[in-house]
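According to the working numbering, the residues represented by the first sequence are 9 to 314, in order.
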Amino acid sequence: MPELPEVETVVRGLRASLPGRRFVSVRLGKSDFIDDPAALGEHLPGRQVLAVERIGKFICVQLTRHGGQALQRSQDASAADLHFLIHLGMTGRLAVRSPAEPVAPHTHGFFELDDGNELRYTDIRRFGRMLLVTGDALPAFQARLGADALFVSARQFAEQVQGRRARIKAFLLDQKALRGMGNIYADESLWRARIHPARLAANLGADEIARLHQAMRQVLRAAIKLGGSSISDFLDAEGKRGSYQVRHRVYDREGEKCFRCGTPIERIIVAGRSSHFCPNCQRAPRARKPRKRIAARKSVRRRSGS
DNA sequence: CTTACGGCCTGGGTGC
DNA sequence: TGCACCCAGGCCGTAA
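As structure tokens, this is what we get:
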């Protein structure tokens, strides 16, 4: 599932082929995950890609209708008058392909480019999102998200954490507080910092917050270096798998030994998400409402209204 | 106001 | 072999 390192990997891949290209046409299959499907066909063709950036877990394709002159050094994002934002959800893939190549199942978007290739969007579950944001509206869009997890300063991170009464895991996953983190890297960062996921953010000591900040940045940087984690079927813009999953210390390791102390890794639900941790290295907060352990066998669930 | 939680979307994998 | 169900991330409505 694409989180910050996976999205960064895709963005870097797209930078190899998209900047300078111009969209020619748009073809969509299922489009129920797109805010305004018609707008894509209406506004993308004719526009040129200035740059590809990452905004949290969004891929941001910066576009201009005034080609050529604006494109020498494309760092000038202010020249973009339109931003094509893509969120990969859980199973989204974005890649530049030749039209001659076979089309992967569940490919719902074909964005024809002026060099004869096409940008393809594939998404099995369609939990992804696509939207267009004008240059004017981009600051407001960014303002709804917190600081980027990769670049947030130690000081800003500490201020945010200390002001939160929610559990630290919930804080890490809250895109309005911190953008880019997801379940895998939240668990990995907490294990490295030796902090239990259910601890209340405001109760963390300064040393713990500093450890978490450092752990988070180390984990993210290492994952980017390895092209992200391919635990389900993440593929980068060239269709290659990442390899950070072999470095996971807790994620999806329930019952396996902690790499630090050998204690079996446990899994509980925190903030509505599976949370993996070492009960020895990451001590539970005292005297909170006990969290139910997840039973090994399936739990009974019934639908409402029955 | 902030936080917590259940439900919803979808379909591949799993376990019976 | 079939099939019910679990689960994932983000978002939204509702409740405290």
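Even glycine gets a Cβ: it sits at the ideal position worked out from N, Cα and C. Just so it is clear, the structure is predicted and the values come from calculations on it, not from any experiment.
query	result
Between the stretch 163–177 and the stretch 200–214, do at least 3 Cβ pairs fall closer than 8 Å?	yes
In whole angstroms, what separates the C-alpha of GLU50 from that of ILE132?	25 Å
Going by DSSP, name the residue or residues bridged to VAL18.	None; VAL18 has no bridge partner.
Give every residue of the same chain whose Cβ lies closer than 6 Å to the Cβ of PHE383, excluding the five residues on either side of it in the sequence, and list them in chain order.	No answer is possible for residue 383: it lies beyond the span of the chain, which begins at 9 and ends at 314.
Taking buried to mean at least 16 other C-beta atoms within 10 Å of its own C-beta, is ARG109 buried or exposed?	One detail in the question is off: residue 109 reads as Glu in this sequence, not Arg. GLU109 comes out exposed.
From the DSSP output, read off the bridge partner residues of LEU146.	According to DSSP, which records beta bridges pairwise, LEU146 is partnered with nothing at all.
Hey, out of GLY100, MET98 and PHE119, whose CA is closest to SER106's CA?	PHE119
How many angstroms separate the CA atom of ALA206 from the CA atom of GLN222?	19 Å
Could you give the distance in angstroms between the alpha-carbon of GLU61 and the alpha-carbon of ASP122?	21 Å
Check each candidate in PHE66, LEU198 and ALA194 and name the one with the smallest Cα separation from LEU139.	PHE66
May I have the straight-line CA-CA distance separating LEU58 from GLY190, to the nearest angstrom?	28 Å
Using alpha carbons as the reference points, say which of ALA194, ARG219 and VAL254 lies closest to LEU228.	ALA194
With DSSP run on the structure shown, which of helix, strand or coil describes VAL141?	strand
Does DSSP put SER251 in a helix, in a strand, or in coil?	coil
Rounded to the nearest angstrom, how far is the Cβ of THR72 from that of GLY236, given a contact under 8 Å?	At roughly 29 Å, the Cβ-Cβ gap does not stay under 8 Å, so THR72 and GLY236 are not in contact.
Taking the alpha helix (DSSP H) that ARG229 falls in, what are its first and last residues?	214–233
Nearest by alpha-carbon distance to GLN56: which of PHE31, PRO45, ASP40 and PHE41 is it?	PHE31
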